[in-house]
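Note sheet for the following structure.
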Amino acid sequence: MNLFQTIAVYSISIITCSMCCSNSSLAQAQPIDSTSRHWQAGAELDVLPYATGGYFAAGWVGKKQLRLRSLYAVVNKPSFLLPDGFAAYKIQSAAVLVDYFRKPNWQGFWVGAGLVYWNNELRTDANQSTGQFNLWLANGSMGYHWRLGKRFYISPWAGMSMRIAGAKAVAAGPLSYKPPFLNPELSVKGGIIL
């Protein structure tokens, strides 16, 4: 199992164990109330990866106004964001983040931070050479949760990821690519509270 798969499995294990330790509160028919003593869980999908031909899945567990979120995504950077000479840039991402909500019940303004791992593959235009490299990033993000009934929500968000480890330059055939130090993100996600 490579490092990327290990991170994904570890993240999913955290979510699963937290859900199992919640005294079966998820199975009981209770109103959605994050101020209760019970753990809650949810799942999310994000628009950005799907818009680029990739995919996204996230799960979270939380109590009161804090939650632990784990995600896995595949994103294909749009061609207009690629440096000259490159035809494709695929990012496989796994992350573990902590989110804080200013209001109870998982609504309103939230801020988050965490650790992100990227497994990247670049492909050149001319000779179809590829370059592969890994990055570790520290992420900060914020957004706003609008509740759509008791269990569903939509959340526009923005974030910034800062490279903290990994390749500073990668060769793909005759070309070289330097990953940026800062990586801004902007998207909309939707979710369900289980």
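Heads up: the sequence shown runs through residues -29 to -1, 1 to 165, numbered per mature numbering (1 follows the signal peptide of the UniProt record, and there is no 0). All residues carry an ideal CB built from backbone N, CA and C; glycine is no exception.
Query	Result
Round the Cβ separation of residue 63 and residue 45 to the nearest angstrom and send it over; I've been treating them as touching at under 8 Å.	5 Å
Per DSSP, which one or two residues make a beta bridge with residue 152?	None; residue 152 has no bridge partner.
I need the boundaries of the alpha helix (DSSP H) containing residue 44, first residue and last residue.	No alpha helix (DSSP H) holds residue 44; the beta strand (DSSP E) holding it covers 37 to 47.
Is there contact here, the stretch 114 to 128 with the stretch 155 to 163, by at least three beta-carbon pairs under 8 Å?	yes
Can you name the start and end residues of the beta strand (DSSP E) that residue 127 belongs to?	123 to 137
Output yes or no for whether 8 Å exceeds the beta carbon distance between residue 58 and residue 94.	yes
Select from 76, 77 and 65 the residue whose C-alpha is nearest the C-alpha of residue 85.	65
With a threshold of 6 Å on Cβ separation, who are the neighbours of residue 80 within its own chain once the five nearest residues in sequence on each side are excluded?	73 and 115
Just the Cα atoms here: how many angstroms apart are residue 71 and residue 145?	45 Å
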